[in-house]
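Here is the structure we will look at.
Residue numbers (the working numbering), protein chains in the order written: chain P, 674 to 1015; chain X, 55 to 450.
As structure tokens, this is what we get:
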């Protein structure tokens, strides 16, 4: 091959790469259908939300959220590939198309909506930031933490809330900022920090799974922030955004209507129009989303309604032992409210 | 020579410009340049286009916005209400702090180990060899995690802090030592020390010239040292000898007051020093072995004992071999300091990552890293090249 052919080949390759790159900016949902599975970004290992078991099978609330999406789109909850992401790379992974959807304890905030080019479609867990300390310190309130050294993960809203709260209360603290979740947890349990701060659910998960003796640690009563942990997608594909929003809403509606994975088939002849629309007996909802009419049926049958997901992963019978609290349905005094599926 | 070849080329085949070697080389260089620029332009425009399509903000305007997060170690004043640019600056100062100290300590340790490896004392030589083999073959990240973990686990909690000397406390929050309260006289003490350095340099120059002319030696080192210690001492005494210490005190959770050496900084400095010293030791050993053994024999024949032989005959010659590879070790220390992110020492990359994540301006943050590391590395290279030129063999 002489130089001129080599050069021509090089130019052709560069031009071809250019076309490929511009074609990639197309719809996310088309790419998912073509690929045959969903790529879902989850936490690197947080009990109750996303944790691989000894067989490498992922479990958790965020994991189930993605499995429900796969059930709705493909009729098979296993058609999903999980990508563990730390706090710092999660947005880049979503922006660059490495994952299609982010269900990773991610707080919905204005600046993430605007400057990161993301859409948050549904809040799958209402959380708030808290503090965990060793009982031996004798601290009973976060207001006693003046001068404390506090372990925190970087690049999170947690880090900003922490600073805001101490500034607002005119207290001092020293941060120890460590990127990996396991490293920040071990720094706290080794005594490097007086307190560890993250979302209250995360504190419960860390205490249950990682503390040498869970009873030696307490979670302080103050909740210092609002942390609506939401499902994130990148902007530019409204159809995919709608699917992630409405599959979750369908699971909420199922709980409200009393439909569970176990009893769903007994509702086949239900006269309730809401349930008929939900289960696809009255067609139209699936078509509007670009999905088969069995979308919600599959998600509920194969993964469960929201209440089932909650109790199975983080509820009172699990090691985390969380109460429904803000995550109860609106009919029971909580915030979980599905807009009408019609 | 080249002109002859070129002339011959044109003479043989004047007809085709493409066969003119000079024109052809210019043509190929132009093509290569175009390809490089083209690829660069494609990558940048692709990036800008994709970010626009995905609605991601671009530009450096975010640097003036309030940072809103706290930093553990701030050698220069910083509060969360300062802008992001200030946070970057804090990171840069922390990077420089650990790099410069690391370079000094690694050089000292490396030279000692390198020389020890060549020692005729069997135990010393084997210990040095074992150190080099062990440390050089374990990845730096692993060593950093080991040091950080060791310090965190083995040091006591602040309430049980070890107190070896009054006013000094060792705990898993770091080492606290008393600090000297600031006083304007200290500025003059520093100035006096600088003046002493300049005078000392002048004396050394004069002594060298005198020795070259008359052969009479002069102990300029000891005179210089006496000046360097004496002059600032006189200034300090003249200023009323202020010595108010701020003793660290356990208040609430942590020690307040005094100077703190944090565990993260200590782990980082230890890790960089121990790791890089093993490479420097090998460079030093190689440099010494490269000096012909005849030099040692000649020195011994003149009656110089082994210490003087090493200091005056071997090391100055070995230095020529040592400086260029040493430059790359110094660059490595600076670049490896970015591994601090795994143990939580707030240097440039650690803080920059946080900023990138809080603002979403990851590409901008990384471009700042690149510019800063390029600047630091080029500065080290230029400095070392100047030193190398001064030390190189001048053929007369």
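Yeah, the Cβ is synthetic: ideal placement off N, Cα and C, and Gly gets one too.
The structure displayed is predicted, hence computed values, not measured ones.
Per-residue DSSP class, three states only, for residue i
i, result
"residue 303/X", "strand"
"residue 189/X", "helix"
"residue 387/X", "helix"
"residue 955/P", "coil"
"residue 696/P", "Low confidence applies here, because residue 696/P scores a pLDDT of 36, under 50, leaving its location unreliable; read the following figure in that light. It is helical."
"residue 883/P", "helix"
"residue 317/X", "helix"
"residue 1042/P", "The structure shown does not extend to residue 1042/P, since chain P spans only 674 to 1015, so no value can be given for it."
"residue 798/P", "strand"
"residue 827/P", "coil"
"residue 998/P", "helix"
"residue 216/X", "strand"
"residue 902/P", "strand"
"residue 908/P", "coil"
"residue 792/P", "strand"
"residue 228/X", "strand"
"residue 853/P", "coil"
"residue 439/X", "helix"
"residue 128/X", "coil"
"residue 940/P", "helix"
"residue 234/X", "strand"
"residue 780/P", "strand"
"residue 74/X", "coil"
"residue 862/P", "helix"
"residue 163/X", "helix"
"residue 768/P", "helix"
Chain-order list of residues whose beta-carbon lies under 6 Å from that of residue i (same chain, five-residue window excluded)
i, result
"residue 882/P", "720"
"residue 700/P", "910"
"residue 332/X", "186, 189, 190"
"residue 1008/P", "799, 999"
Cut-off 8 Å between Cβ atoms - residues of its own chain near residue i, not counting five sequence neighbours on either side
i, result
"residue 210/X", "216, 224, 225, 226"
"residue 945/P", "930"
"residue 934/P", "973, 974, 975, 976, 977, 978, 981"
"residue 206/X", "226, 317"
Residue of the options minimising C-alpha distance to residue i
i, options, result
"residue 337/X", "319/X, 420/X, 362/X, 372/X", "372/X"
"residue 228/X", "242/X, 208/X, 149/X, 247/X", "208/X"
"residue 793/P", "800/P, 774/P, 770/P, 996/P", "774/P"
"residue 413/X", "143/X, 111/X, 357/X", "111/X"
"residue 419/X", "116/X, 147/X, 321/X, 305/X", "116/X"
"residue 901/P", "878/P, 857/P, 893/P, 873/P", "873/P"
"residue 120/X", "113/X, 108/X, 127/X, 136/X", "136/X"
"residue 309/X", "387/X, 236/X, 212/X", "212/X"
"residue 974/P", "711/P, 730/P, 744/P", "744/P"
"residue 145/X", "157/X, 240/X, 131/X, 444/X", "131/X"
"residue 844/P", "983/P, 817/P, 1001/P, 777/P", "817/P"
"residue 106/X", "961/P, 1006/P, 787/P, 726/P", "787/P"
"residue 785/P", "990/P, 970/P, 948/P, 908/P", "908/P"
"residue 754/P", "772/P, 782/P, 987/P", "772/P"
"residue 716/P", "821/P, 766/P, 920/P", "766/P"
"residue 813/P", "906/P, 756/P, 868/P", "868/P"
"residue 971/P", "777/P, 993/P, 936/P, 835/P", "936/P"
Anticipated Cβ contact below 8 Å, residue i with residue j, distance rounded
i, j, result
"residue 833/P", "residue 123/X", "6 Å"
"residue 795/P", "residue 918/P", "5 Å"
"residue 1011/P", "residue 876/P", "Not quite, the Cβ-Cβ distance comes to about 28 Å (not below 8 Å), so this is no contact."
"residue 129/X", "residue 147/X", "5 Å"
"residue 161/X", "residue 391/X", "Not confirmed; about 16 Å, so no contact."
"residue 912/P", "residue 963/P", "6 Å"
"residue 339/X", "residue 446/X", "Going by Cβ atoms, the distance from residue 339/X to residue 446/X rounds to 21 Å, so no, they are not a contact pair."
"residue 761/P", "residue 108/X", "18 Å between Cβ atoms; not a contact."
Cross-strand partners of residue i (DSSP beta bridge)
i, result
"residue 805/P", "869/P, 892/P"
"residue 713/P", "755/P, 774/P"
"residue 120/X", "137/X"
"residue 240/X", "DSSP output for residue 240/X lists no bridge partner at all."
"residue 308/X", "305/X"
"residue 847/P", "822/P"
"residue 732/P", "724/P"
"residue 1009/P", "1002/P"
7 Å CB neighbourhood of residue i in its chain, flanking five on each side removed
i, result
"residue 353/X", "363, 367"
"residue 860/P", "824, 849, 851, 866"
"residue 737/P", "976, 982, 986"
"residue 943/P", "949"
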